[in-house]
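Visitor: If you read the sequences in order, they're chains A and B.
Quick note, the working numbering runs 348 ahead of the 1-based positions in the first sequence.
Quick note, the working numbering runs 174 ahead of the 1-based positions in the second sequence.
Pasting in a structure now, in structure tokens, and then I'll have a few things to ask.
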Amino acid sequence: MRRFLLIGTLFVLFLIEGTVFQVFAPEHYGFGFQLIPRFVTVIVVMIGMFMSPAYGVIYGIGFGLLHDLIYTDLVGVYMFGISVAAYIIGYLSKVFQLNWFTVLVLGLLGVSLVEFYVYELFSLINVTDVSFHAFFYDRYLPSLILNGVFLLVIYYPVKQLLEGLSESRRQENQAKRRSFL
Amino acid sequence: MPQFFSNKRLVVLLVSIIVLVALIGTSMKERNALTMPEQFFKDSVGWIQSIFYKPAHSVAGLFESIGDMKDMYEENELLKSRLNEFVALSEELKTVKKENQELKSELNIEPSTGLSNYQTFHANMIARSPDRWNDLLTIDKGKQDGVQVNMAVATPNGLIGKVKNVQPFSSTVQLVSDVDRTNRIAAMTQEDKNVFGTIEGYDTEKEVLLFSKIPVDIKVKKGQTVITAGNGGIFPRGVVIGEIVDVETDNVGTTQTAHVKPAADLYDINNVMVIDRGAQNVVPDDGEGEEE
């Protein structure tokens, strides 16, 4: 039940990124900066922290692939990026005690990993020609603030949901993780 | 902290990087059509997206119209004065059209084979890529409605892009601002004589299109309107692209590039027109866009 709630939430956020958010995007009103919503990435990274890196990878592959199919033409970019970010952050989180501040820092680190990876990859294959300076100031920093605020807003409900999920599936998780990696 | 990279994980990582490269390689190739599962996903998600997009857009539209109310009176005055001009112009157009027809029939030119003959049908935008790297829109008309790959897409103000992929019930539009080496449009500008060139890309920082390959001995001025030329492929002639804001000579010095500001606002898109030049299978437009 809880798992469907999680998948449902992620799917709704995924849709909001491309629809509702685009209506209220700052370019619409003539601002020079871009706000890139990475709501799904934020939650998938949190899954990596609160449940297990392996779960982060699974959700990352699923929703990354969906993102690739619906919003881009290149299959595999986000699938790889989000799952690797969730994996790395999931492991890093083991050294920290998780409270709202460390989760915020680690979550934003995950978003940054995805942003920089996608920027570098797309520059490499000529999907974009934005200079690093423009990328960093007009796009990366504003988006970081947006996603940070988003993370703080959803922190408590999502934490409750994820901890409940990982508690009830602890035994199962153990077996699954061993077979997955 | 558990060991970060065991051998097994390293192998998994390497294999997935190889798979990533292979996937990107195959999906970057010029493809005529998407695979069945891709079409299926895009269509079904597109349907759900439209449920999300429409209410959001109408809420935003409400705020916008409240904002517009301030200027309404002045605008109304201005428009009234322009209306008289319009009547005169449309009379002139009628006579010119008639004269044109007469002259054509005198010269025995077949009507309707012109480059500028086209039909449009309306569609609503339902989603846009949230990462600005890919400037792609999804619209709610697809193959079933007669949309085909490479058709021009415009708003009432001007050209915004072309159809990149079609699914049965939705299609993906690549905006002119999408940086892609295949995203080229044959364009022209009309002053005393026609000047032809190509729209070859977009400057993201200045937000202008690059209208290049103009011979250096032809003078183009600021403020000239650039329209589609229609002599390459499926675009019709005469769709407004934008206005020249700046001209510069290329490094080599044999051609010049003009910066063109798109006439359509690429971020304020709701109802779009898909332009079909071949008039063989056009679905009559139902235009059910919720106009405020």
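Think of the CB as a built atom: it goes at the ideal place given N, C-alpha and C, for glycine as much as any other residue.
1. Residues in its own chain within less than 7 Å of B:Leu333 by CB, not counting five upstream and five downstream?
2. Label B:Val448 either buried or exposed according to how many other C-beta atoms from any shown protein chain fall within 10 Å of its C-beta, with 16 as the threshold for buried.
3. Leaving out five residues before and five after B:Asp309 in sequence, what residues of the same chain have Cβ atoms less than 6 Å from its Cβ?
4. Would you mind giving the Cβ-Cβ distance between A:Phe449 and A:Ile430, rounded to the nearest angstrom? I have them listed as a contact below 8 Å.
5. In whole angstroms, give me the CA-to-CA distance for A:Tyr439 and B:Leu187.
6. Kindly list the residues whose CB is nearer than 6 Å to the CB of B:Gln213, restricted to its own chain and excluding five residues on each side of it in sequence; keep chain order.
7. Measuring only between beta-carbons, confirm whether B:Val337 sits less than 8 Å from chain A.
8. Between A:Ala482 and chain B, is the shortest Cβ-Cβ distance under 8 Å, so that the two count as touching?
9. Should A:Asn456 be flagged as near chain B, meaning a C-beta pair shorter than 8 Å?
10. State yes or no: is the C-beta of A:Gly362 within less than 8 Å of the C-beta of A:Val393?
11. Rank A:Gly408, A:Tyr407, A:Tyr426, A:Phe359 by C-alpha distance to the C-alpha of A:Asp416 and give the top, closest one.
12. What are the boundary residues of the alpha helix (DSSP H) that B:His231 is part of?
13. Given a limit of 7 Å on CB to CB distance, which residues of the region 198 to 221 of chain B reach chain A?
14. On the three-pair Cβ rule with 8 Å, is the region 415 to 433 of chain B touching the region 392 to 401 of chain B?
15. If we ignore side chains and look at the alpha-carbon of each, how far apart do A:Glu463 and A:Tyr488 end up?
16. Which residue's Cα is closest to the Cα of B:Asn368: B:Glu379, B:Ile392, B:Leu383, B:Tyr376?
17. Which residue from B:Gly320, B:Ser279, B:Ala301, B:Gly199 puts its Cα closest to that of B:Gln293?
18. Can you tell me whether B:Thr429 is helix, strand or coil according to DSSP?
19. Name the chain B residues whose beta carbon is nearer than 8 Å to that of A:Val425?
20. Determine, using beta carbons only, whether B:Ser303 comes closer than 8 Å to chain A.
21. If we cut at 8 Å on Cβ distances, does B:Gly463 have a partner in chain A?
22. Name the chain A residues whose beta carbon is nearer than 8 Å to that of B:Gln341?
23. Whose Cβ in chain B lies nearer than 9 Å to the Cβ of A:Tyr503?
24. Could you give the C-beta distance for B:Ser303 and A:Phe428, rounded to a whole number, given that I count them as a contact under 8 Å?
25. Pick helix, strand or coil for B:Leu257, following the three-state DSSP scheme.
26. Does B:Met299 come out as helix, strand or coil in the three-state DSSP assignment?
27. Report the option in B:Gly335, B:Ile300, B:Glu248, B:Asn331 whose CA atom is closest to the CA atom of B:Phe226.
28. Using 8 Å for Cβ pairs, my map puts B:Pro389 next to B:Thr346. What's the rounded Cβ distance?
29. Given that B:Asp420 touches chain A, what residues does it touch there, using C-beta distances under 7 Å?
30. Secondary structure at B:Met246, three-state DSSP: helix, strand or coil?
31. B:Glu248 to B:Val261, Cα distance in whole Å?
32. Using the beta-carbon of each residue, which ones in chain B are nearer than 8 Å to A:Thr420?
33. Looking at chain A, is there any beta carbon in it that lies within less than 8 Å of the beta carbon of B:Val297?
34. Residues in its own chain within less than 8 Å of B:Glu464 by CB, not counting five upstream and five downstream?
35. Spell out whether any CB of chain A is found under 8 Å from the CB atom of B:Thr378.
36. The region 367 to 384 of chain A: which residues have C-beta closer than 8 Å to a C-beta of chain B, in chain order?
Guide: Working from what's here:
1. Ala326, Val350, Thr402, Val413, Val414, Ile415, Ala438
2. buried
3. Leu349, Ser351, Asp352
4. Wrong, their Cβ atoms sit about 23 Å apart, outside the cutoff.
5. 15 Å
6. Gln341
7. no
8. yes
9. Looking at the sequence provided, one finds Leu at residue 456 of chain A rather than Asn. So no, A:Leu456 is outside the interface.
10. The residue asked about is misnamed: residue 362 of chain A is Phe in this sequence, not Gly. Contact flag unset, no.
11. A:Tyr426
12. 210 to 243
13. Ile198, Ser201, Met202, Glu212, Phe215, Lys216, Val219
14. yes
15. 7 Å
16. B:Ile392
17. B:Gly320
18. strand
19. Leu194, Ile198
20. yes
21. Because the pLDDT of B:Gly463 is 39, which lies under 50, any placement of that residue in the model is unreliable, and the number read from its coordinates should be weighed accordingly. With 8 Å as the cut-off, B:Gly463 does not count as an interface residue toward chain A.
22. Neighbours of B:Gln341 on chain A: none; closest Cβ ~11 Å, over 8 Å.
23. The contacting residues do not exist; A:Tyr503 stays about 22 Å from chain B at best.
24. Not quite, the Cβ-Cβ distance comes to about 18 Å (not below 8 Å), so this is no contact.
25. helix
26. strand
27. B:Ile300
28. With 8 Å as the limit, B:Pro389 and B:Thr346 do not qualify as a contact, their Cβ atoms being about 35 Å apart.
29. The premise fails here: B:Asp420 is roughly 18 Å from chain A at the closest Cβ pair, so nothing lies under 7 Å.
30. helix
31. 21 Å
32. Ser303, Asp305, Trp307, Asn308, Leu310
33. With the sequence shown as reference, residue 297 of chain B is identified as Ala, and Val is not the correct amino acid for it. No, its Cβ sits nowhere closer than 8 Å to a Cβ of chain A.
34. For B:Glu464, the pLDDT reaches just 37, beneath the cut-off of 50, and the residue's location in the model is therefore unreliable, although a value from the coordinates is still provided. Only Lys228, Ser232 meet the Cβ criterion.
35. yes
36. Thr367, Val368, Phe369, Gln370, Val371, Phe372, Ala373, Glu375, His376, Gln382, Ile384
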